[in-house]
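Q:
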Amino acid sequence: MSIVFTNRAAKIWEKDPLSVAENIEKIRKRVERAARHAGRDPEGITIVAVTKTVDVERIQEAVSAGITLLGENRVQEAGDKIRRMGKSVQWHMIGHLQTNKAREAADLFDMVHSVDSLRAADALNEEAGKLGKPLPVLVQVNISGEKSKSGVNAEETMTLIQSMAGMGNLKVQGLMTMPPYDEDPEKFRWVFRRLREMRDRIHQTGIPGVRMTHLSMGMSHDFETAVEEGATLIRIGTAIFGERG
Ligand SMILES: *Cc1c(COP(=O)(O)O)cnc(C)c1O
92 MSIVFTNRAA KIWEKDPLSV AENIEKIRKR VERAARHAGR DPEGITIVAV TKTVDVERIQ
152 EAVSAGITLL GENRVQEAGD KIRRMGKSVQ WHMIGHLQTN KAREAADLFD MVHSVDSLRA
212 ADALNEEAGK LGKPLPVLVQ VNISGEKSKS GVNAEETMTL IQSMAGMGNL KVQGLMTMPP
272 YDEDPEKFRW VFRRLREMRD RIHQTGIPGV RMTHLSMGMS HDFETAVEEG ATLIRIGTAI
332 FGERG
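Residue numbering for the sequence shown follows the numbering used here, starting at 92 and increasing by one per position.
1) Short check: CB of A126 to CB of I118, under 8 Å?
2) Going by C-alpha to C-alpha distance, which of M289, F332, Q295 sits closest to G372?
3) One question on the structure: do V111 and A156 come within less than 8 Å of each other, judged by their Cβ atoms?
4) In the DSSP output, which residue or residues are listed as bridge partners for E194?
5) Are H187 and S307 closer than 8 Å when you measure CB to CB?
6) Evaluate G257 with the Cβ neighbour count: other Cβ atoms within 10 Å of its Cβ, from every protein chain shown; 16 or more gives buried, anything less gives exposed.
7) Where does P37 land, buried or exposed, given buried means 16+ other C-beta within 10 angstroms?
8) Could you check the C-alpha separation between K172 and K221 for me, to the nearest Å?
9) Is any heavy atom in ligand 1 found nearer than 7 Å to the beta carbon of H305?
10) Please report how far the alpha carbon of A211 lies from the alpha carbon of I327, in whole angstroms.
11) From the DSSP output, in three-state form, read off K120 for me.
12) Just to confirm my understanding: we take G297, look at its own chain, exclude 5 residues before and 5 after, and list those with CB closer than 7 Å. What are they?
13) What number of angstroms, rounded off, separates the C-alpha of A245 from the C-alpha of H294?
14) Let me confirm a value: P108 is counted as buried when at least 16 other C-beta atoms fall within 10 Å, else exposed. Which label applies?
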C-alpha cells in the first residue's frame, strides 16, 4: 500500500518542485485552515518533520524554515544525524522500537511516539532511569487492527497506560496512531476520531502522573483530517522533502 502512495506522491511533487521552506509554508497554511475549520487554535498543532532517509543538509533547510521537531523511525539513523546536527532541535522516535535499542533511544530522543508493548515500556523506563532522564512517551494504538501496523489494540491501551503510570522514568503524554493508507483521507477519519475519544476517556480517568496532552496523528496525505479530529503532532515527511529514495 505504501508503495502505491509513494509513487502517487512522487508524481504530485515532481510537477511542483518547491523548496523545503516553501513546502513547509504551504503545510502551515493548510494546517491553519483545517484548524480554523474545526474551531481549533492552530498554535495547538506542531509539525514533526519526518526525516528518515533525508540527508542532513535538507534537514537543515527545514530547521532554518522554523521546524523544531524532527521524527526518525530508526535509532541508528537518528543517532548518526544527531551526532552531526546536535540537539538544537528535538528528535522524536516514531518507528517501532526494538527493546535492544532502548538504551540508545532513551539517550537520543526527546520523545518516543511508538511505545507499543509493556516490554518496550519497561525497557525504556529502565534505561531512562539509568540516564537520570525522564522520557516523554506516547502509546501507539492500532485502531484499525491492520496486521502490518504496530501498536496495542484499543482494549489493551488503558491497561498498558495504567502500568506505565507507575514507571517513574516515563512521562505518558498521549497517544499515537497510523491508519491504513487510503488516498481518500475521509475513509479513515473514524480512526483519528476514535483515538481522540480514547484520549479523552483516559484523561477523564485521571490516572496520577499521566497527562493525555498529545494526539500524534496525520501524515502527508491525511493531516488535515487529523487536525480536524484533534491532532496536536502531525508527522510529515513526503510533503516536506518529496519522495523518499
Ligand atoms: C514515514 C512516516 C511518516 C511520514 O510519512 P509521509 O507520508 O511521508 O508524510 C509518519 N509517521 C511514521 C510513523 C512514519 O514512519
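A virtual CB, placed ideally from N, CA and C, is assigned to each residue, including glycine.
A: Well, looking at it:
1) Residue mapping note: residue 126 aligns to position 35 of the sequence shown, counting from 1. Residue mapping note: residue 118 aligns to position 27 of the sequence shown, counting from 1. Cβ distance not < 8 Å, so A126 and I118 don't count as in contact.
2) Given that the chain is displayed from residue 92 to residue 336, the structure contains no residue 372 and the question cannot be resolved.
3) The residue labelled residue 111 in the question sits at position 20 within the sequence shown. The residue labelled residue 156 in the question sits at position 65 within the sequence shown. For V111 and A156, yes; Cβs fall inside 8 Å.
4) In the sequence shown, residue 194 corresponds to position 103, counting from 1. Checking the sequence, you will find Arg at residue 194 rather than Glu. DSSP lists no partner for R194.
5) Reading the sequence shown from its first residue, position 96 is the one you call residue 187. Reading the sequence shown from its first residue, position 216 is the one you call residue 307. For H187 and S307, no; Cβs fall outside 8 Å.
6) Walking along the sequence shown from the start, residue 257 turns up at place 166. Classification of G257: exposed, given that the 10 Å Cβ count is below 16.
7) The structure shown has nothing for residue 37, since the chain only spans 92 to 336.
8) Here residue 172 corresponds to residue number 81 of the sequence shown, with the count starting at 1. Here residue 221 corresponds to residue number 130 of the sequence shown, with the count starting at 1. Each residue's Cα considered, the two are about 24 Å apart.
9) Here residue 305 refers to the residue found at position 214 of the sequence shown. H305 Cβ: outside cutoff for every heavy atom of ligand 1.
10) Counting from one through the sequence shown, the residue named residue 211 turns up at place 120. Counting from one through the sequence shown, the residue named residue 327 turns up at place 236. Taking the straight line from one Cα to the other gives about 25 Å.
11) For the purposes of this step, residue 120 is identified with residue 29 of the sequence shown, where counting begins at 1. Note: K120 maps to helix in three-state DSSP.
12) What you label residue 297 is simply residue 206 of the sequence shown in a count that begins at 1. So no residue of the chain qualifies.
13) Counting from 1 along the sequence shown, the entry for residue 245 is found at position 154. Counting from 1 along the sequence shown, the entry for residue 294 is found at position 203. When rounded, the distance between both Cα atoms is 15 Å.
14) Position 17 of the sequence shown, counting from 1, holds the residue named residue 108. Classification for P108: exposed.
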